[in-house]
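*Asks:* Can you keep this structure in mind? I'll have questions shortly.
Number of protein chains: 2
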Amino acid sequence: MTATEQALDLDVPSGVPARTATPPPGDARLARLSLNQKTVDGWSLREAIDGCVAAGIPSIGAWREPVAEVGVTSAAGWLRDAGLRVSSVCRGGFFTTADPAEQRMRHDDNMRALDEAAELGAPCLVLVPGGLPAGDRDLVRARARAAAAIEALVPHALDVGVRLAIEPMHPIFAADRGVVSTLAQALDLAEPLPVEAVGVVVDTFHVWWEPGIEEQIARAGDRIASYQVCEWITPLPADTLLSRGMMGDGHIDFPHLTACVAAAGYRGDVEVEIFNAEVWAADGHAVLATSARRYVELVEPHL
Amino acid sequence: MTATEQALDLDVPSGVPARTATPPPGDARLARLSLNQKTVDGWSLREAIDGCVAAGIPSIGAWREPVAEVGVTSAAGWLRDAGLRVSSVCRGGFFTTADPAEQRMRHDDNMRALDEAAELGAPCLVLVPGGLPAGDRDLVRARARAAAAIEALVPHALDVGVRLAIEPMHPIFAADRGVVSTLAQALDLAEPLPVEAVGVVVDTFHVWWEPGIEEQIARAGDRIASYQVCEWITPLPADTLLSRGMMGDGHIDFPHLTACVAAAGYRGDVEVEIFNAEVWAADGHAVLATSARRYVELVEPHL
């Protein structure tokens, strides 16, 4: 056994021996698993593609920055050649500026992001709403600006066949990253807009705590454009942006939430998306192996 | 001017010169200001009482631990002699255990806390609901246990004339401290119980981000048992328990939320409650001076 093979049997980031066997490539339980690129932040798109193929992960959540490094057309070709689906493109959004020039700039950038998602064959573009502008304390208006900016993208989303996926973000990020704070609020935003054009992201890290989350997931139904799994751990790491854990290492009831998402009719890919300095510092192949193990243990049986 | 007097004119914890004059003792704008003891964590009850008197702050939010150090009867005497009101007692709660013996122990402790609050003349006992027990991922049941435990305290609360004040806590604490995460949820819990016995705490730090907070504060009406002010700052300090800021240093719209609380009919004291390592490290008198300045600037005009 080589050092690398050994490392694949240790869970990331805990370093303890895996409690289940790693599902091999071709294992039917992996059929809906997707690797969000941010989980292996140190990998290029090429490395992420090769890593997914080696691990038997059939789908990838692509980020615009690593895609841009090689160009969208090349990236689309690589993904096609590797036989990988693209479960989502991350990310559009950042809609909350009150400055008209910046609003136009953001709109144009989101239009380009929709084009890129279409070229990559992604079903949806994940929208991070954006936080309060500097010195601005009016959450109600910031939220209204986000709603208006999303609505303005609907025609192009319909044209290119990519859904806008509003991501409600944990209230820890309400000030500086995402003013849409609950699934209920995201659904209220989406409701007046066509379901083919506007959906929501259910990310366990962001919404696990929400009172009545079960009812909101049921209400979401066809609006669920993406299901992302990652863990709430305590004590929270010092950098809250990197405070997400590996499924099973924290407080979230993945079987329960996954069953809710399945009961709501979601049939798409399930992305593992973990922002965590320890995960990022680990060997990418070990991250994928742990992700696959935890997914088949805690998530896949409940889909 | 002595060094101490100089320090009183510098804001805590920023260290920048105060932008407004410190309201002197007797200033009518201080009539409803209360110092939650936790804001000056290094002070004994005696020091907190003397500090409030020196600063002209007429009310105090008392914590059980520093009160216990001198005994409840002595504490009540000191407070009476100093002419201070007690705006609340912190804290009861921690209701989420599934272990029957621990549930009885918690119930008995909360009964004693109600007695202490009554002896201190406090109108309410602040309830921190408690987090998920170790290894328990069932938020729905933990929340149900909290509801049952609160209901069990109602008869004694009515007997001693102290309101149980349910504190919804920021979702950052849902796992390890408070499973009641929104004002809406706290009001749902309170609704079946008599308004004289069960109220809610509106703490700006915990609920500022809540979608529809304006409607929920209006809905709360007579249920508002305590209004606490403290700030959401970014970047969040590494220790999230100590991540609260001085009003005006962050993202919360205090005039707006205060106007909502006033419109809901709240006529009680307003507690400044700041858990923050830098504030705790500062001179207590400077903390009180900054608190009073920010209060008369951002809160009091909107009451």
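One line per chain: the protein sequences are A and B, in this order.
The numbers in UniProt numbering rise by one with no breaks, and the one at position 249 of the first sequence is 249.
The numbers in UniProt numbering rise by one with no breaks, and the one at position 160 of the second sequence is 160.
The C-beta atom is built at its ideal place from N, Cα and C for all residues, glycine as well.
Bear in mind the structure is a predicted one, so any value in this text is a computation, not a measurement.
(1) Alpha carbon to alpha carbon, what distance is there between W43(A) and P25(A)?
(2) Would you say P133(A) faces chain B, with C-beta separation under 8 Å as the test?
(3) Scan the stretch 254-266 of chain A for residues whose Cβ lies nearer than 8 Å to a Cβ of chain B and list them as they occur along the chain.
(4) Please decide whether T2(A) counts as near chain B, where near means a Cβ-Cβ distance under 8 Å.
(5) Whole angstroms are fine: how far does the CA of G130(A) sit from the CA of V70(A)?
(6) Can you tell which of H302(A), A292(A), E297(A) has its C-alpha closest to the C-alpha of G51(A)?
(7) Anything in the stretch 162-175 of chain B with a Cβ closer than 8 Å to a Cβ of chain A? List those residues in chain order, please.
(8) Once DSSP output is grouped into helix, strand and coil, what is the label at E271(A)?
(9) Is S181(B) close to chain A, meaning its C-beta is less than 8 Å from at least one C-beta of that chain?
(10) Could you check which residue in R46(B), A101(B), V200(B) has the C-alpha nearest to that of E65(B)?
(11) Identify whether P58(A) lies in helix, strand or coil by the three-state DSSP scheme.
(12) With 16 as the cutoff for other CB atoms within 10 Å, does P194(B) come out buried or exposed?
(13) If we require 4 or more residues per run, which alpha helix (DSSP H) segments fall completely within the stretch 226-275 of chain B?
(14) Decide if S88(A) is buried, meaning its Cβ has at least 16 other Cβ atoms within 10 Å, or exposed.
(15) Applying the 10 Å Cβ sphere with the 16-neighbour rule, what's the burial state of M1(A)?
(16) Going by DSSP in three states, A134(B) sits in which element: helix, strand or coil?
(17) Contact criterion: CB-CB distance below 8 Å. Does I57(A) meet it with respect to chain B?
(18) What does R19(B) touch in chain A if you count any residue whose Cβ is under 9 Å from its own?
(19) Hey, could you find the ends of the beta strand (DSSP E) I217(A) is sitting in?
(20) Can you have a look at T73(B) and say buried or exposed, based on whether 16 or more other CB atoms are within 10 angstroms of its CB?
(21) What is the DSSP secondary structure of A197(B), counted as helix, strand or coil?
(22) For A3(B), name the three-state secondary structure that DSSP assigns.
(23) In the DSSP assignment, the beta strand (DSSP E) including A165(B) goes from what residue to what residue?
(24) Is the shortest distance between the beta-carbon of A286(B) and the beta-carbons of chain A less than 8 Å?
(25) In whole angstroms, what separates the C-alpha of G121(B) from that of C90(B)?
(26) If we define contact as Cβ-Cβ less than 8 Å, is L33(B) a contact residue for chain A?
(27) Would you identify the three-state DSSP class for P301(A), choosing helix, strand or coil?
(28) Mind checking the stretch 217-239 of chain B against chain A and listing, in chain order, the residues whose C-beta falls within less than 7 Å of any C-beta there?
(29) List the residues of chain B whose Cβ lies closer than 8 Å to the Cβ of L139(A), in chain order.
(30) Can you check whether the C-beta of Q185(A) is within less than 8 Å of a C-beta belonging to chain B?
(31) Can you name the start and end residues of the alpha helix (DSSP H) that V67(A) belongs to?
(32) Mind checking T97(A): buried by the 16 CB within 10 Å criterion, or exposed?
(33) Classify R80(B): buried if its beta carbon has 16 or more other beta carbons within 10 angstroms, exposed otherwise.
(34) I need the straight-line Cα distance from E231(B) to Y295(B), nearest angstrom please.
(35) What's the gap between the Cα of L241(B) and the Cα of A277(B)?
(36) State the CB to CB distance for the pair A113(B) and V86(B), rounded to an integer number of angstroms; the pair is presumed to be in contact (CB under 8 Å).
*Replies:* In short, the structure shows the following:
(1) 20 Å
(2) no
(3) H256
(4) The pLDDT assigned to T2(A) is 46, lower than 50, so where the model puts this residue is not dependable; a value taken from the coordinates is nonetheless given after this. No, no contact with chain B.
(5) 27 Å
(6) Out of H302(A), A292(A), E297(A), A292(A) has the C-alpha closest to the C-alpha of G51(A).
(7) H170, P171, I172, A174, A175
(8) strand
(9) yes
(10) R46(B)
(11) coil
(12) exposed
(13) 254-263
(14) Classification of S88(A): buried, given that the 10 Å Cβ count is 16 or more.
(15) Confidence in M1(A) is poor, its pLDDT being 39 and thus under 50, which makes the residue's placement unreliable; the coordinate value appears in the next sentence. Of the residues assessed, M1(A) falls on the exposed side of the cut-off, its CB having fewer than 16 other CB atoms within 10 angstroms.
(16) Note: A134(B) maps to coil in three-state DSSP.
(17) So no, I57(A) is outside the interface.
(18) Those do not exist, as R19(B) stays about 15 Å from chain A at its closest Cβ, beyond 9 Å.
(19) Segment 213-220 is the alpha helix (DSSP H) holding I217(A); no beta strand (DSSP E) there.
(20) exposed
(21) coil
(22) Unreliable positioning characterises A3(B) in this predicted model, as indicated by a pLDDT of 47, which lies under 50. The coordinate reading is nonetheless provided below. Looking at A3(B) - three-state DSSP - the assignment turns out to be helix.
(23) Counting along the chain, the beta strand (DSSP E) containing A165(B) begins and ends at 163-166.
(24) no
(25) 13 Å
(26) no
(27) helix
(28) W232, T234, L236, A238
(29) W208, W209, D253
(30) yes
(31) 64-70
(32) It counts as buried.
(33) exposed
(34) 12 Å
(35) 10 Å
(36) Contact doesn't hold; Cβ gap of about 13 Å is too wide.
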